[in-house]
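Peer 1:
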Amino acid sequence: MTPLMLQEVLFEISRILNTGLDMETLSICVRLCEQGINPEALSSVIKELRKATEALKAAENMTG
């Protein structure tokens, strides 16, 4: 399996699991995990960033 094929399979799995990750973000996450970053910690960071983004958007909608 070529690296591109593997990336496409991982993206399809990500899509099926409804992760919301685009191809570039998924690729970055895979590279970080390959370099030893804890996947659970990475997942927690992504979730927290999403929550913060949603909170900022909500605050912006209330003021704007």
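With full-length UniProt numbering applied, the sequence shown covers 1 to 64. Note that beta-carbon positions come from the ideal geometry of N, C-alpha and C, so glycine has one too. Owing to the predicted nature of the structure, the values given are computational and were not obtained by experimental measurement.
Does the beta carbon of residue 59 come closer than 8 Å to any beta carbon on chain D?
Peer 2: Of the protein chains in the structure, only one exists, and it is not chain D.
Peer 1: Output the boundary residues of the alpha helix (DSSP H) element that contains residue 4.
Peer 2: Taking the first residue of the sequence shown as 1, we reach residue 4 at position 4. Unbroken alpha helix (DSSP H) run through residue 4: 3-16.
Peer 1: Taking the alpha-carbon positions, what's the residue 69 to residue 34 distance?
Peer 2: Because the chain here runs from 1 to 64, residue 69 falls outside it and cannot be looked at.
Peer 1: Quick check on residue 19: does DSSP put it in helix, strand or coil?
Peer 2: Translated into the one-based positions of the sequence shown, residue 19 becomes position 19. Coil at residue 19, not helix or strand.
Peer 1: For the putative contact between residue 49 and residue 42, defined by C-beta atoms under 8 Å, what is the C-beta separation to the nearest angstrom?
Peer 2: The residue labelled residue 49 in the question sits at position 49 within the sequence shown. The residue labelled residue 42 in the question sits at position 42 within the sequence shown. Not quite, the Cβ-Cβ distance comes to about 11 Å (not below 8 Å), so this is no contact.
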